[in-house]
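Student: One structure coming up, written as structure tokens, with questions to follow.
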Amino acid sequence: MKNIIEKELAVLEQIDIKNSEEIEQIRIKYLGKKGILSDLFAQFKNVPNEQKREMGLLLNDFKTRVENKIAMLKENMENVDSKSVDFDDLTKPATLFTLGSRHPLSIVRNEIIEIFSHIGYSVAEGPEIEDDRHVFSALNFPPEHPARDMQDTFFIENRTDNNHAVLRTHTSSVQVRVMERQKPPIRIVAPGRVFRNEAISARAHCIFHQIEGLYIDKNVSFADLKQSLLYFAKEMFGEQTQIRLRPSYFPFTEPSAEMDVSCNLCGGKGCNICKGTGWLEIMGCGMIDPNVLEASGIDSKVYSGFAFGMGIERIAMLKYDIKDLRLYFENDLRFLKQFSSAF
Ligand code: PHE
Numbered sequence: 012m013k014n015i016i017e018k019e020l021a022v023l024e025q026i027d028i029k030n031s032e033e034i035e036q037i038r039i040k041y042l043g044k045k046g047i048l049s050d051l052f053a054q055f056k057n058v059p060n061e062q063k064r065e066m067g068l069l070l071n072d073f074k075t076r077v078e079n080k081i082a083m084l085k086e087n088m089e090n091v092d093s094k095s096v097d098f099d100d101l102t103k104p105a106t107l108f109t110l111g112s113r114h115p116l117s118i119v120r121n122e123i124i125e126i127f128s129h130i131g132y133s134v135a136e137g138p139e140i141e142d143d144r145h146v147f148s149a150l151n152f153p154p155e156h157p158a159r160d161m162q163d164t165f166f167i168e169n170r171t172d173n174n175h176a177v178l179r180t181h182t183s184s185v186q187v188r189v190m191e192r193q194k195p196p197i198r199i200v201a202p203g204r205v206f207r208n209e210a211i212s213a214r215a216h217c218i219f220h221q222i223e224g225l226y227i228d229k230n231v232s233f234a235d236l237k238q239s240l241l242y243f244a245k246e247m248f249g250e251q252t253q254i255r256l257r258p259s260y261f262p263f264t265e266p267s268a269e270m271d272v273s274c275n276l277c278g279g280k281g282c283n284i285c286k287g288t289g290w291l292e293i294m295g296c297g298m299i300d301p302n303v304l305e306a307s308g309i310d311s312k313v314y315s316g317f318a319f320g321m322g323i324e325r326i327a328m329l330k331y332d333i334k335d336l337r338l339y340f341e342n343d344l345r346f347l348k349q350f351s352s353a354f
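Residue numbers for the sequence shown follow this note's numbering, beginning at 12 and rising by one.
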């Protein structure tokens, strides 16, 4: 009996079957009513008493092995079956692989950074929670300037010192941070969120995004400012784009200007988007006021520079014909899914 079991175990080892009929035959051969195991159990009563214990253990072990082997064969077969089903029908639709897409503001920000990186600008960042010095006083805002007013600026209360923390109202604060820590030549763009106490509407929001630019070196002139911004406008809006600089005022630049680009949609003839003027205002800019350089330890007799700042929401609105600012912040997938880009 021991011999039979050993021989059958060796046979069992070798079995490798992939279809269910053959597995069923194996089952019948070993576990069926007239199968090998029932035969062996029938012979068990003839085993001499002193061998019963050893034979009993052997026999039960054999039965377990047979059962395990059959279970394993069945499992293998199911795996093979399910694999072959995958290849059965090559016309089946593929499993949907859903990818997210970039937010339009990120696309436009990245595109602007890319354009300026080609003329040597790197990216700088600064904190959103700032102090008065970086947002206002080092930028030549006089103490009574209306932009410091509670109407515009979010102040953070309960600071123990008298230098109130504020949420930055523009990315110009990063100009100051960079000038404090870096010697000229400086050539940076600084993207980021800014905060102003404004009622939310289709045209205004209390949180929005700007990109600041800062260029400081020896002999930087207004012509450099103009040419750099013309290059940017052509890269961003197309080769045919023209720019126009209108005199303006910022405390930290002198002279200051607003820059308009020619309206792409009507080619300058006048339409709804440019309100009939043929021009679209896209940024503020100017030569850095010597007071600003001096406030951050840069010698204004040796160095000069220019700065510019633009709203990312506004540029994305022009680029994608978005009519309502609030769409940027509502996270409605129907809106967000429409944008794809290399940036
Ligand atoms: N900081 C200005 C604003 O928020 C924009 C600006 C930046 C103007 C740099 C001139 C130079 O409107």
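Just so it is clear, CB atoms sit at the ideal spot from N, CA and C, and this is done for glycine as well.
Can you give me the C-alpha to C-alpha distance between Val-200 and Cys-277, rounded to a whole angstrom?
Tutor: Position 189 of the sequence shown holds residue 200. Position 266 of the sequence shown holds residue 277. Going from the Cα of Val-200 to the Cα of Cys-277 covers about 30 Å.
Student: Express the C-alpha separation of Ile-124 and Tyr-314 in angstroms, rounding to a whole number.
Tutor: For the purposes of this step, residue 314 is taken as the residue at position 303 of the sequence shown. For the purposes of this step, residue 124 is taken as the residue at position 113 of the sequence shown. Roughly 25 Å between the two C-alpha positions.
Student: Whole-angstrom Cβ separation of Ile-293 and Ile-326, contact assumed at under 8 Å?
Tutor: Counting from one through the sequence shown, the residue named residue 293 turns up at place 282. Counting from one through the sequence shown, the residue named residue 326 turns up at place 315. Rounded, the Cβ-Cβ distance is 6 Å, consistent with contact.
Student: Give me, in chain order, the residues of the same chain whose beta-carbon lies closer than 8 Å to that of Gln-221; leave out the 5 immediate sequence neighbours on both sides.
Tutor: On the sequence shown, position 210 is the one that residue 221 refers to. Excluding positions up to five away in sequence, the list reads His-181, Thr-182, Pro-202, Gly-203, Val-205, Gly-320, Met-321, Gly-322, Ile-323.
Student: Looking at the structure shown, is Phe-166 part of a helix, part of a strand, or coil, going by DSSP?
Tutor: Numbered from its first residue, the sequence shown carries residue 166 at position 155. Correct three-state label for Phe-166: strand.
Student: Here's the rule I'm using: 16 or more other beta-carbon atoms within 10 Å means buried, otherwise exposed. How should Leu-336 be labelled?
Tutor: In the sequence shown, residue 336 corresponds to position 325, counting from 1. The Cβ neighbour count for Leu-336, taken over all protein chains shown within 10 Å, is at least 16; the residue is labelled buried.
Student: Verify the contact flag: Ala-318, CB atom, against every heavy atom of the ligand PHE, threshold strictly below 6 Å.
Tutor: Taking the sequence shown and counting its residues from 1, one reaches residue 318 at position 307. Yes - the ligand PHE has a heavy atom lying nearer than 6 Å to the Cβ of Ala-318.
Student: Alpha carbons only, please: which of Gly-224, Val-22, Pro-104 is nearest the one belonging to Arg-188?
Tutor: Along the sequence shown, one-based indexing puts residue 188 at 177. That would be Gly-224, whose Cα lies nearest to the Cα of Arg-188.
Student: With a threshold of 6 Å, establish whether the CB of Thr-109 neighbours any heavy atom of the ligand PHE.
Tutor: Position 98 of the sequence shown, counted from the first residue, corresponds to residue 109. Thr-109 Cβ: outside cutoff for every heavy atom of the ligand PHE.
Student: Roughly how many whole angstroms lie between the Cα atoms of Pro-153 and Arg-159?
Tutor: By one-based count along the sequence shown, residue 153 stands at place 142. By one-based count along the sequence shown, residue 159 stands at place 148. Between Pro-153 and Arg-159, the C-alpha separation is close to 9 Å.
Student: Consult DSSP for Leu-329 and reduce its assignment to one of helix, strand or coil.
Tutor: Along the sequence shown, one-based indexing puts residue 329 at 318. Note: Leu-329 maps to helix in three-state DSSP.
Student: Could you check what DSSP says for Asp-143 in three-state terms: helix, strand or coil?
Tutor: Taking the first residue of the sequence shown as 1, we reach residue 143 at position 132. Three-state result, Asp-143: helix.
Student: Whose C-beta lies closer than 7 Å to the C-beta of Ile-118 among residues of the same chain, with five residues either side of it excluded?
Tutor: In the sequence shown, residue 118 corresponds to position 107, counting from 1. Contacts found: Phe-350, Ser-352, Phe-354.
Student: Does the distance from the CB of Phe-165 to the CB of Leu-178 come in under 7 Å?
Tutor: Here residue 165 corresponds to residue number 154 of the sequence shown, with the count starting at 1. Here residue 178 corresponds to residue number 167 of the sequence shown, with the count starting at 1. Yes, Cβ-Cβ distance for Phe-165 and Leu-178 is below 7 Å.
Student: Can the beta-carbon of Leu-241 be found closer than 7 Å to that of Met-270?
Tutor: Position 230 of the sequence shown, counting from 1, holds the residue named residue 241. Position 259 of the sequence shown, counting from 1, holds the residue named residue 270. Taking 7 Å as the Cβ cut-off, Leu-241 and Met-270 do not qualify as a contacting pair.
Student: Between Phe-263, Cys-274, Arg-198, which lies nearest to His-287 when the distance is taken from Cα to Cα?
Tutor: Position 276 of the sequence shown, counted from the start, is the residue given in the question as residue 287. In the sequence under discussion, the amino acid at residue 287 is Gly, which differs from the His named in the question. It is Cys-274 whose Cα lies nearest to the Cα of Gly-287.
Student: Please work out which residues of its chain come closer than 7 Å, Cβ to Cβ, to Ser-259, disregarding the five sequence neighbours upstream and downstream, and give them in chain order.
Tutor: Locating residue 259 in the sequence shown gives position 248, counting from the first residue. These residues qualify, in order along the chain: Ser-267, Ala-268, Glu-269, Gly-295.
Student: Take every Cβ of the stretch 242–255, pair it with every Cβ of the stretch 207–217, and state whether three or more of those distances are shorter than 8 Å.
Tutor: no
Student: What three-state label does DSSP hand Glu-125 in the structure shown?
Tutor: Position 114 of the sequence shown, counted from the first residue, corresponds to residue 125. Of the three classes helix, strand and coil, the one that applies to Glu-125 here is helix, per DSSP.
Student: When DSSP builds the beta bridges, which residues end up paired with Asp-228?
Tutor: The residue labelled residue 228 in the question sits at position 217 within the sequence shown. Partner(s): Ser-315.
Student: Exposed or buried, Asp-50, counting other C-beta atoms within 10 Å across all chains shown (16 or more means buried)?
Tutor: Within the sequence shown, residue 50 is the residue found at index 39, counting from 1. Classification of Asp-50: exposed, given that the 10 Å Cβ count is below 16.
Student: Should Phe-261 be listed as close to the ligand PHE, given that the test is whether its C-beta is under 6 Å from any heavy atom?
Tutor: By 1-based counting over the sequence shown, the position of residue 261 is 250. Yes, the Cβ of Phe-261 comes within 6 Å of a heavy atom of the ligand PHE.
Student: Does DSSP put Arg-198 in a helix, in a strand, or in coil?
Tutor: If you number the sequence shown from 1, residue 198 lands on position 187. In this structure, Arg-198 counts as strand in the three-state DSSP scheme.
Student: Which residue's Cα is closest to the Cα of Leu-48: Pro-59, Ile-15, Pro-196, Glu-65?
Tutor: Position 37 of the sequence shown holds residue 48. Nearest of Pro-59, Ile-15, Pro-196, Glu-65 to Leu-48, Cα basis: Ile-15.
Student: When the cut-off is 7 Å and only beta carbons count, does Trp-290 lie next to chain C?
Tutor: No chain C appears in the structure shown, which is made up of a single protein chain.
Student: Tell me, which residues are paired with Arg-204 by DSSP?
Tutor: In the sequence shown, the residue the question calls residue 204 occupies position 193. DSSP, once it has assigned bridges, lists His-220 as partnering Arg-204.
Student: In the DSSP assignment, the beta strand (DSSP E) including Asp-235 goes from what residue to what residue?
Tutor: Locating residue 235 in the sequence shown gives position 224, counting from the first residue. Run containing Asp-235: none in the beta strand (DSSP E); it sits in the alpha helix (DSSP H), 233–248.
Student: Just grab the DSSP bridge partners of Glu-292 for me.
Tutor: For the purposes of this step, residue 292 is identified with residue 281 of the sequence shown, where counting begins at 1. Note: Glu-292 sits in a beta bridge opposite Asp-271.
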